[in-house]
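Comments concern the structure below.
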Amino acid sequence: MKKLILLTLMGLMSFFSSFAQSSNQVEMADFLRSSGKIYVVVSVISLILVGFIVYLFTIDRKVSRLEKQRRNKL
Amino acid sequence: MRQNWWKVLGAILLLYSVVAGFLGDVPKLFILHETIRNLYFHVPMWFSMTFLYFISVVYSIKYLSSGKPEHDFMAVESVNVGIIFCLFGLLTGMLWANVTWGDPWPSDPKLNGSAIATLMYLAYLVLRNALEEEQKRAKISALYNVFAFPIMIVLLFVLPRMTDSLHPGNGGNSTFSDIDMDNQMRRVFYPAVLGWILIGTWVMTLRYRVRILDYEDKNISA
Numbered sequence: 052m053k054k055l056i057l058l059t060l061m062g063l064m065s066f067f068s069s070f071a072q073s074s075n076q077v078e079m080a081d082f083l084r085s086s087g088k089i090y091v092v093v094s095v096i097s098l099i100l101v102g103f104i105v106y107l108f109t110i111d112r113k114v115s116r117l118e119k120q121r122r123n124k125l
Numbered sequence: 008m009r010q011n012w013w014k015v016l017g018a019i020l021l022l023y024s025v026v027a028g029f030l031g032d033v034p035k036l037f038i039l040h041e042t043i044r045n046l047y048f049h050v051p052m053w054f055s056m057t058f059l060y061f062i063s064v065v066y067s068i069k070y071l072s073s074g075k076p077e078h079d080f081m082a083v084e085s086v087n088v089g090i091i092f093c094l095f096g097l098l099t100g101m102l103w104a105n106v107t108w109g110d111p112w113p114s115d116p117k118l119n120g121s122a123i124a125t126l127m128y129l130a131y132l133v134l135r136n137a138l139e140e141e142q143k144r145a146k147i148s149a150l151y152n153v154f155a156f157p158i159m160i161v162l163l164f165v166l167p168r169m170t171d172s173l174h175p176g177n178g179g180n181s182t183f184s185d186i187d188m189d190n191q192m193r194r195v196f197y198p199a200v201l202g203w204i205l206i207g208t209w210v211m212t213l214r215y216r217v218r219i220l221d222y223e224d225k226n227i228s229a
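Protein chains in written order, with the numbering used here: chain A, 52 to 125; chain B, 8 to 229.
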């Protein structure tokens, strides 16, 4: 599970850095800079949301594991 | 993973509401401007709170007829998570009101009603902590909850509509359906509400499961 989270985070990072690289060049009408840069805000909030959901899933799995242990013990 | 489809659905709906909520078209209105997008985030907090309080009262009634401690746990954890949504609703509302109405807490019946409702549910939690004996605590707080829920509904959704309120749909104010003439806001708003309700319920079930584990722990060691 931890590897999976790391992988998704790394994937997302490379996704965003691929946009960042173009900033060295002359400023063109690239996607993340259009519409008053609102897409940047959308990306940031989406990232937080996805991270939060993944975190909730890890807690869920942990509780499930504890419940399983308990059932074996009883 | 099969029973978890609704958690994934909640996550997808929330993600959709963020993307569509920021990028979608909204009606151009005076004073509100872009802050009308707050509708997708502020209002679902209150709807989720109401939904969780509703689950709580259902389980309180169940507890009163069954006497099972599990039902009591479900009731209290629903209120615990509902309170969080309530606080988010209050804080986001104050922030929005400060910009739109010029005051974080204008004397508005809906605001004052929400303040009383919040205190009522905080009192529920205080009441629980004040009672030592488990069965007595569960029974008294379940009864309290049965009375608190209808009062909360009246304070938040009935009384403000009978007088003038700054909130849409109250008094002489235009309602939600007048604002979004071609329904473009509904397509984001309803998924957002459902998404937050699902995520809130998910957090509640997590707390409930931990509480059950804790309860069994105590019973095994005792």
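Don't be surprised by glycine CBs; every beta carbon is placed ideally from N, CA and C.
Predicted model only: the values in this text are computed from it and were never measured.
- Can you tell which of 210/B, 207/B, 192/B and 70/B has the C-alpha that lies nearest to the C-alpha of residue 44/B? 192/B
- Any Cβ of chain B within less than 7 Å of the Cβ of residue 114/A? yes
- Task: Give, in chain order, every unbroken run of the alpha helix (DSSP H) that is at least 4 residues long and sits entirely within the stretch 114-152 of chain B.
- Result: 116-137
- Query: Since residue 128/B and residue 148/B are thought to touch, with beta carbons under 8 Å apart, how far apart are those beta carbons, to the nearest angstrom?
  - Reply: 11 Å between Cβ atoms; not a contact.
- Contacts that residue 92/A makes with chain B (C-beta to C-beta distance below 9 Å): 29
- Members of the stretch 24-53 of chain B that neighbour chain A once the beta carbon cut-off is set at 8 Å: 25, 26, 29 and 30
- Message: Given this structure, state the Cα-to-Cα distance separating residue 109/B from residue 90/A, to the nearest angstrom.
- Response: 29 Å
- Between which two residues does the alpha helix (DSSP H) containing residue 201/B stretch? 193-228
- Task: Report the residue from 62/B, 46/B, 141/B and 78/B whose alpha carbon sits nearest the alpha carbon of residue 99/B.
- Result: 46/B
- Task: Answer with yes or no whether the minimum CB distance from residue 85/A to chain B is below 7 Å.
- Result: no
- Query: Closer than 9 Å, Cβ to any Cβ of chain A: which residues of the stretch 205-227 of chain B, in chain order?
  - Reply: 206, 209, 210, 212, 213, 216, 217, 219, 220, 223, 224 and 227
- Task: Mark residue 5/B as exposed unless 16 or more other C-beta atoms lie within 10 angstroms of its C-beta, in which case mark it buried.
- Result: Outside the shown range of chain B, which is 8 to 229, sits residue 5/B, and nothing can be said about it.
- Comparing alpha-carbon positions, which option in 24/B, 119/B, 70/B and 83/B lies nearest residue 173/B? 119/B
- Query: For the stretch 81-88 of chain B against the stretch 20-28 of chain B, are there 3 or more C-beta pairs whose distance is under 8 Å?
  - Reply: no
- Message: I'd like to know whether the C-beta atoms of residue 156/B and residue 65/B end up nearer to each other than 7 Å.
- Response: no
- What number of angstroms, rounded off, separates the C-alpha of residue 96/B from the C-alpha of residue 13/B? 23 Å
- Message: I'd like to know if residue 22/B contacts chain A, where contact means its C-beta is closer than 7 Å to some C-beta of that chain.
- Response: yes
- Along chain B, which residues have their Cβ under 9 Å away from the Cβ of residue 107/A? 14, 18, 206, 209, 210 and 213
- Cross-chain neighbours of residue 111/A in chain B, by beta carbon under 7 Å: 213
- Pick helix, strand or coil for residue 89/A, following the three-state DSSP scheme. helix
- Is residue 29/B helix, strand or coil by DSSP? helix
- Query: How do the stretch 28-38 of chain B and the stretch 204-218 of chain B stand: do at least 3 beta-carbon pairs fall below 8 Å, yes or no?
  - Reply: no
- Message: For residue 159/B, count the other beta carbons within 10 Å of its own beta carbon; 16 or more makes it buried, fewer makes it exposed. Which is it?
- Response: buried
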